[in-house]
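For reference, the structure discussed in these notes is given below.
Numbering (our numbering), first residue to last: 1 to 66.
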């Protein structure tokens, strides 16, 4: 097996990196010591949502950027 990029860790950062690299035509492979999306990513209460932009825009409107 050959790869252009080896990604260490299959958390949200590793998975996202692989996705973005693949969109650019880069061949990427993962190595993970445990289960995919199971460490910090799997146990966090954080989330990704398309509405973050709306929330931040409203916050800036209410409180300014400073």
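By construction, the Cβ of each residue, glycine as well, lies at the ideal position given by its N, Cα and C atoms.
In DSSP terms, what residue 29 is bridged to: Position 29 of the chain shown, counting from 1, holds the residue named residue 29. Note: residue 29 sits in a beta bridge opposite 6.
Boundaries (first-last residue) of the alpha helix (DSSP H) holding residue 16: Walking along the chain shown from the start, residue 16 turns up at place 16. Start and end: 12–23.
Excluding sequence positions up to five away, which residues of its chain have a Cβ less than 7 Å from the Cβ of residue 18? Here residue 18 refers to the residue found at position 18 when the chain shown is read from its first residue. Around residue 18: 7, 28, 30.
What's the C-alpha gap between residue 23 and residue 4? Numbered from its first residue, the chain shown carries residue 23 at position 23. Numbered from its first residue, the chain shown carries residue 4 at position 4. Their Cα atoms are separated by approximately 14 Å.
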